[in-house]
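As they're listed, the protein sequences go chains A and B. For the record, in the first sequence the residue sitting at position 22 is 22 according to full-length UniProt numbering, with numbers rising by one throughout. For the record, in the second sequence the residue sitting at position 73 is 73 according to full-length UniProt numbering, with numbers rising by one throughout. First the structure, in the form of structure tokens, and then the observations on it.
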Amino acid sequence: MKILVSVKRVIDYAVKIRVKPDKTGVETANVKMSMNPFCEIALEEALRVKESGAASEVVIVSMGNEKCTEVLRTGLAMGADRGIHVATERPLYPLAVAKLLQALVRKEEPGLLLLGKQVKVDKSENCVHVEREIDGGLESLRLQLPAVITTDLRLNQPRYATLPNIMKAKKKPIAKVTPEELQVEITEDFDILEVVEPDKRKAGVMLSSVDELLDKLKNEAHVL
Amino acid sequence: MSGFYSSRGVRKLVFEVILRRKANAFTQHSKFSTSSLLDNTLTQFKESVYQFAKENIAPHAATIDSTNSFPKGVNLWRLMGDFHLHGITAPEEFGGMGLGYLYHCVAMEEISRASGSVGLSYGAHSNLCINQLVRNGNSVQKEKYLPKLISGEHVGALAMSEPNSGSDVVSMKCKADRVEGGYILNGNKMWCTNGPTANTLIIYAKTNVNAGSKGITAFIIEKGMKGFNTAQKLDKLGMRGSDTCELVFENCFVPEENVLGEEGKGVYVMMSGLDLERLVLAAGPVGLMQASLDTVLPYVRQREQFGTPIGEFQLIQGKLADMYASLQASRSFVYAVASQCDGGYVDRKDCAATILFTSENATKVALQAIQCLGGNGYINEYPTGRLLRDAKLYEIGAGTCEIRRMLIGRELYKSG
């Protein structure tokens with residue numbers, strides 16, 4: 001079984017995100033970028049499934065400009081077998097990404113597509129057992145392959161890329177493919193009007209009595 | 001929350017940062033400009049060692065300093081060995097990476113950033129011992145000693161200085177008398193890093209006390225050899241936990257196959273080793289300077305006086321600027337000379353100049369770091385005091401700054 005994992009190049013999780021002064025987006029120039037932590041977790045899970053013998057190949061894909069190859073190299077150094085870079089300079093909105101992933105799934109025919117954001121994966125025969133957290137507790141599901149699964153924070157601790165693996169990764173292939181070759185038309189269906197920081201959390205107000213609380217709930221917040 | 005969503009029928013995207021930042025003592029700095037000196041693979045490697053050191057070494061740094069020893073519950077030597085950090089310059093056939101000094105310096109910098117003591121011990125083990133064996137050992141010696149040193153199962157050390165022979169190291173008195181099948185060693189060595197725990201040590205002794213520098217021979221000593229003992233662990237100002245001690249040789253028999261290089265040619269082993277030792281150790285202070293900035297930057301953003309974060313005051317910003325410029329200049333210098341050495345050209349004065357420059361800068365940067373933290377910089381709960389005490393060592397070990405200055409000046413005078 002082949003596993004396809006999408007890995008996205010994002011602003012490093014520990015960097016303080018700043019909105020550009022012209023409010024058209026978030027500042028990315030000279031900002032540290034890394035693989036999305038959720039994608040790291042998805043890749044780690046894929047590698048573990050491969051190490052358990054249930055999968056034969058882990059393929060990673062990233063979409064965007066040339067810099068995407070950085071996270072592909074990291075993924076290869078972690079242990080993925082090969083990478084695919086969907087090369088485009090144009091901005092990619094969710095629908096375009098979905099269409100590109102669909103085209104790649106048709107092309108590669110993986111048994112599993114793992115995306116960042118919950119679940120332990122066990123494979124048997126032609127289906128997959130997954131366990132996920134829901135509000136009430138843990139839910140067990142059995143999915144027939146091919147399946148799409150997303151992974152979240154507490155699933156695993158991603159491995160380090162050790163120096164020997166970093167060296168080996170240099171020789172692993174990264175195939176470049178364009179949206180045109182995948183026969184996907186990229187439409188820009190979003191118009192970004194403005195990007196602003198969320199309102200700063202206002203300090204809480206200390207109240208002196210229950211009556212005061214009731215008064216505020218009634219007359220200020222209008223919830224009673 | 002008025003005005004948050006427009007009532008008009010157009011979509012407005014508002015980005016919200018959902019990911020919670022993991023609380024940690026390190027800030028992620030944006031790409032440093034010296035990244036042009038490192039290719040993609042080196043940058044990946046640096047990031048990788050940073051993560052490894054942050055999670056496995058940094059949490060122990062404070063206790064290593066206060067207890068004056070490596071952590072008991074975890075074997076750092078093995079951990080670093082598993083991460084392939086010891087044999088960076090050693091051949092792959094012995095478990096090494098077969099890479100160069102630039103990689104080694106990058107690893108040294110990131111380990112030192114997490115803990116100065118671990119960095120120094122790591123440098124002594126991986127460069128002073130392992131690299132010297134790689135450069136001067138014969139195949140039998142390399143086969144015998146390198147694998148366990150590289151895996152981290154064994155710890156390595158090197159000793160040349162004596163209680164009465166520091167800068168004047170050639171005046172060493174430790175004797176090696178030729179006997180049937182080997183040599184008998186008598187004498188003392190001082191300030192030996194990793195001495196208390198080392199399994200394999202490179203020792204310099206005089207096979208001919210009357211021949212000056214030409215009478216020095218390098219030997220490989222094993223822990224447990226009859227007549228070889230380690231004396232008291234030294235109580236140091238800084239680099240606490242990087243165990244240092246005096247070595248005592250009393251009629252210690254060393255078999256002749258343990259001569260490293262040739263009899264009487266030890267001074268070449270020593271002096272050429274010192275060049276590369278200075279280069280790799282020069283990355284230690286770079287790590288300490290980075291650690292200083294890692295501590296100072298979040299602090300000056302949070303600490304408020306006169307109703308403002310102190311980082312807004314120009315005098316503090318001036319200090320930040322000086323610290324940053326020193327760090328970047330030091331780092332660039334080390335990387336440039338390391339690349340030069342990797343290219344096959346080892347320049348004695350360049351290697352000495354790197355550690356001369358980075359060590360003095362690190363002490364100054366650490367002093368500024370303490371100052372930025374003010375009263376808190378003087379409290380041992382904060383790492384700045386330890387950074388200063390650790391940094392100071394680099395002005396002394398591997399040839400004092402005075403010796404380095406004399407050496408560089410002399411080289412320039414002779415041939416410019």
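Cβ atoms here follow ideal geometry from the backbone N, Cα and C, with glycine treated the same way. None of the values given here were measured: they were computed from a predicted structure.
Just how far apart, CA to CA, sit residue i and residue j?
| i | j | result |
| --- | --- | --- |
| A/D135 | B/L388 | 51 Å |
| A/A46 | A/K172 | 17 Å |
| B/E312 | B/A321 | 13 Å |
| B/G100 | B/D342 | 6 Å |
| B/I184 | B/V254 | 6 Å |
| A/V31 | A/V15 | 8 Å |
| B/H125 | B/R178 | 28 Å |
| B/M323 | B/N208 | 48 Å |
| B/K144 | B/T217 | 20 Å |
| A/F38 | A/R73 | 17 Å |
| B/F219 | A/S52 | 48 Å |
| B/N24 | A/V196 | At B/N24 the pLDDT is 31, less than 50, meaning the model places this residue with poor confidence and gives no usable figure here. |
| B/L247 | B/K223 | 11 Å |
| B/L260 | B/V49 | 32 Å |
| A/Q118 | B/Q302 | Residue placement at A/Q118 cannot be trusted, given a pLDDT of 48 that sits under 50; what the coordinates show is reported in the next sentence. One C-alpha to the other measures close to 35 Å. |
| residue 268 of chain A | A/E44 | With chain A running from 1 to 224 in the structure shown, residue 268 of chain A is simply not present. |
| B/H60 | B/A159 | 27 Å |
| A/T69 | A/V5 | 14 Å |
| B/K12 | A/E188 | Note that B/K12 has pLDDT 29, beneath the 50 cutoff, so the model's placement of it is unreliable and no number is given. |
| A/A175 | A/K67 | 14 Å |
Which residues in chain B have a C-beta closer than 9 Å to the C-beta of residue i? List them in chain order.
| i | result |
| --- | --- |
| A/T178 | The premise fails here: A/T178 is roughly 23 Å from chain B at the closest Cβ pair, so nothing lies under 9 Å. |
The beta strand (DSSP E) spanning residue i covers which residue range?
| i | result |
| --- | --- |
| residue 441 of chain B | Nothing about residue 441 of chain B can be read from this structure; chain B reaches only from 1 to 416. |
| B/M271 | Run containing B/M271: none in the beta strand (DSSP E); it sits in the alpha helix (DSSP H), 266-302. |
| A/R201 | Run containing A/R201: none; DSSP gives neither H nor E here. |
| B/E250 | 244-255 |
| B/Y183 | 182-193 |
| A/C127 | 127-134 |
| B/D177 | 175-179 |
| A/R82 | 82-87 |
| A/S6 | 2-6 |
| A/E139 | 137-144 |
| A/V177 | 174-177 |
Residues in the same chain with beta-carbon distance under 6 Å from residue i, minus the five sequence neighbours each way, listed in chain order, please.
| i | result |
| --- | --- |
| B/C351 | D275, R278, L279 |
| B/V170 | S213 |
| B/N186 | K175, F249 |
| B/F83 | F52 |
| B/R113 | G287, Q290, A291 |
Within the same chain, show all residues whose beta-carbon is closer than 8 Å to that of residue i, passing over the 5 residues directly before and after it, in chain order.
| i | result |
| --- | --- |
| A/L182 | V86, L100, A103, L104, K107 |
| B/S7 | Confidence at B/S7 is low in this model, with a pLDDT of 36, below 50, so its placement is unreliable and the value that follows should be read with caution. Nothing listed; no residue qualifies. |
| A/L207 | L213, K216 |
May I ask which residues mark the beginning and end of the alpha helix (DSSP H) holding residue i?
| i | result |
| --- | --- |
| B/Y103 | 101-114 |
| A/T151 | It is not in any alpha helix (DSSP H) - A/T151 instead sits in the beta strand (DSSP E) that spans 147-151. |
| B/S48 | 40-56 |
| B/F219 | It is not in any alpha helix (DSSP H) - B/F219 instead sits in the beta strand (DSSP E) that spans 216-222. |
| A/E212 | 210-219 |
| A/Q102 | 94-108 |
| A/K16 | Neither: A/K16 is in no alpha helix (DSSP H) and is coded neither H nor E. |
| B/G409 | 401-415 |
| B/G166 | First-last for B/G166: undefined, no H or E at that position. |
| B/Y324 | 314-342 |
Residue i versus chain A: which residues are under 8 Å apart at the beta carbon?
| i | result |
| --- | --- |
| B/S359 | The premise fails here: B/S359 is roughly 27 Å from chain A at the closest Cβ pair, so nothing lies under 8 Å. |
| B/M97 | L163, P164, M167 |
Cβ closer than 7 Å: which chain B residues qualify as neighbours of residue i?
| i | result |
| --- | --- |
| A/A77 | Q44 |
For a contact defined as C-beta to C-beta under 7 Å, what are the partners of residue i on chain A?
| i | result |
| --- | --- |
| B/Q51 | Y160 |
| B/F94 | In chain order: nothing, as chain A lies at least about 14 Å away. |
Within the same chain, show all residues whose beta-carbon is closer than 7 Å to that of residue i, passing over the 5 residues directly before and after it, in chain order.
| i | result |
| --- | --- |
| B/K236 | T244 |
| B/T63 | P71 |
| B/C80 | Per the sequence shown, the amino acid found at residue 80 of chain B is Met instead of Cys. Cβ within range, chain order: H86, Y122, G152. |
| B/H154 | K148, N199, T200 |
| A/A77 | A161, N165, I166, A169 |
| A/P179 | V86, T88, L100, I186 |
| B/E395 | S359, E360, T363, C401 |
Starting from residue i, find everything on chain A with Cβ-Cβ shorter than 9 Å and list it in chain order.
| i | result |
| --- | --- |
| B/T308 | Result: empty, since nearest Cβ-Cβ is about 17 Å, beyond 9 Å. |
Kindly examine the ligand NAP and report whether one of its heavy atoms sits closer than 7 Å to the Cβ of residue i.
| i | result |
| --- | --- |
| A/L141 | Among the components of this structure there are no ligands whatsoever, and the ligand NAP is therefore not found. |
Using a cut-off of 8 Å between C-beta atoms, extract the partners of residue i located in chain B.
| i | result |
| --- | --- |
| A/K170 | T41 |
Against chain B: residues of the region 69-101 of chain A by CB proximity under 9 Å:
T69, E70, R73, T74, A77
Mind listing which residues of the region 141-167 of chain A have their C-beta closer than 8 Å to chain B's C-betas, in chain order?
Y160, A161, T162, L163, P164, I166, M167
Closer than 7 Å between beta carbons: that is the criterion. Which residues of the region 72-92 of chain B meet it against chain A?
F83, H84
Quick one, which residues of the region 118-130 of chain B are near chain A if we go by CB-CB under 8 Å, in chain order?
none
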